[in-house]
Ligand SMILES: Nc1ncnc2c1ncn2[C@@H]1O[C@H](COP(=O)(O)OP(=O)(O)OP(=O)(O)O)[C@@H](O)[C@H]1O
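Residue numbers (the working numbering): 1 to 431.
Structure (structure tokens):
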């Protein structure tokens, strides 16, 4: 399909080909291409003209919105044709947008209204917006929500809100499928409804891992364009019950203590993450542990019995590339890191390398690295108690950092199970 249109004051030859819209000045050969997969929408304007809105690559891995308007008799025909071509089945039409007004700098509602809403409207997306009033409300909502009415869930907040919604969705899918999800052996059924993240939190790590930027417009455009990346989850179980699902980081010991201490200083805002961990590291605790893990290649269970500062897993795996640790979505297993007793100086050096994503951050004689499908951690010296309200607990407190949330152990043993490609995220991670 080809036609001559006016853009600005010049005549252009405009073509709709197999995969793109292309246009060139009438007497020239240099051609601009707009692939259908990048087109957000095509609007027919009043005076025989049509405007194509599309996403283009900008600085770094950012995306931005651009538009081009053509005037000509065949405007309606072209607009109709282009609209039929961009009707991609992966693109969401109806989205449940969940906003945490207390995320990060408390600007989530503003960010959605000022930067996302119009882009969604322009692209013909019908959002149903829910602003949460309290923690766990989103998770609860997803247990009852009619999921058949939406093509995706969008979280406007930080990693914590994403993980709460991810947990809610995974749980709901298991309930609907009749999976006995409390059992660590349960085969978790993947969710088919994708999740998109609009960054408005304090860390926003998942978004940055996914899109390479924390830019809100980029995140919104990825959601609209509908491409997907598979992501893994890890289930945490205690005493035959599911405690949580994790989608980012699971850190028992030091990372748990750091998060526990940081939570006490929530009023400080995101700065707390720069200050509080210093004190926690100075008071680092060592734990007597039995760690059993199932190797992902042989499926054989092995055991380590040692005094450790931490047992950690990055659910979004990190792999070395160009001397840095880079995130890898949908990896085939998880890496388990067990940090044994070591000098304070060596430990601090290693933690700084982890913080700076240095490729060598786990290459230390006191860090054991294993590629696993599952692991069990048992505190050999912890004593169980029954609290005043009859709930099980431990005399001393032990914490897991589960995606930035604190889990207080209620039993002296927990088990983590890897579940591959259970979640789809809107966006396209670098491979
Ligand atoms: N209305 C609310 N008020 C208070 N807390 C909420 C509310 N809605 C959700 N939450 C909880 O707040 C926690 C943190 O939220 P979120 O991740 O959005 O922000 P953040 O902690 O500032 O960002 P990040 O996780 O990136 O550091 C989540 O666990 C979420 O469950």
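Cβ atoms here follow ideal geometry from the backbone N, Cα and C, with glycine treated the same way.
Just so we're clear, the structure is a prediction, and the values are computed from it rather than from any experiment.
Pick helix, strand or coil for residue i, following the three-state DSSP scheme.
| i | result |
| --- | --- |
| residue 166 | helix |
| residue 211 | helix |
| residue 429 | coil |
| residue 519 | An answer regarding residue 519 cannot be provided, because it is not within the stretch 1 to 431 covered by the chain. |
| residue 45 | strand |
| residue 230 | strand |
| residue 27 | coil |
| residue 1 | coil |
| residue 38 | helix |
| residue 389 | coil |
| residue 298 | coil |
| residue 265 | coil |
| residue 411 | coil |
| residue 249 | strand |
| residue 321 | strand |
| residue 315 | coil |
| residue 219 | helix |
| residue 175 | helix |
| residue 272 | helix |
| residue 277 | helix |
| residue 309 | strand |
| residue 260 | helix |
| residue 239 | coil |
| residue 205 | helix |
| residue 98 | strand |
| residue 160 | helix |
| residue 198 | strand |
Do residue j and residue i come within 8 Å of each other at the CB atom, strictly closer than that value?
| i | j | result |
| --- | --- | --- |
| residue 440 | residue 66 | With the chain covering 1 to 431 only, the question about residue 440 has no answer from this structure. |
| residue 234 | residue 416 | yes |
| residue 393 | residue 210 | no |
| residue 330 | residue 389 | no |
| residue 350 | residue 377 | no |
| residue 397 | residue 408 | yes |
| residue 154 | residue 223 | yes |
| residue 33 | residue 20 | yes |
| residue 247 | residue 403 | yes |
| residue 315 | residue 232 | yes |
| residue 164 | residue 130 | no |
| residue 194 | residue 228 | yes |
| residue 254 | residue 309 | yes |
| residue 324 | residue 317 | no |
| residue 44 | residue 123 | no |
| residue 203 | residue 405 | no |
| residue 111 | residue 14 | no |
| residue 433 | residue 311 | Here the chain has residues from 1 to 431 only, and residue 433 is not among them. |
| residue 114 | residue 157 | no |
| residue 96 | residue 220 | no |
| residue 42 | residue 83 | yes |
| residue 71 | residue 116 | no |
| residue 346 | residue 364 | yes |
Output yes if chain D places a C-beta closer than 8 Å to the C-beta of residue i; else output no.
| i | result |
| --- | --- |
| residue 365 | Within the model displayed, chain D is absent; a lone protein chain is all it includes. |
Using 7 Å as the cut-off, classify the Cβ of residue i as near or not near the heavy atoms of ligand 1, replying yes or no.
| i | result |
| --- | --- |
| residue 246 | no |
| residue 401 | no |
| residue 133 | yes |
| residue 138 | yes |
| residue 405 | yes |
| residue 395 | no |
| residue 103 | yes |
| residue 90 | no |
| residue 100 | yes |
| residue 251 | no |
| residue 201 | yes |
| residue 164 | yes |
| residue 279 | no |
| residue 160 | yes |
| residue 204 | yes |
| residue 235 | no |
| residue 157 | yes |
Task: Those runs of the alpha helix (DSSP H) which lie wholly inside the stretch 329-371 and span at least 4 residues - done: The stretch 329-371 contains these whole alpha helix (DSSP H) runs: 344-355.
Open item on the list: In chain order, what are the residue ranges of uninterrupted alpha helix (DSSP H) at least 4 long that sit wholly in the stretch 104-150?
Closed with: Inside the stretch 104-150, DSSP marks whole alpha helix (DSSP H) runs of 4 or more residues at positions 108-111, 117-122 and 137-144, from first to last along the chain.
Open item on the list: Threshold first: 3 residues or longer. Then list the beta strand (DSSP E) segments lying entirely within the stretch 61-90, N to C.
Closed with: 63-71
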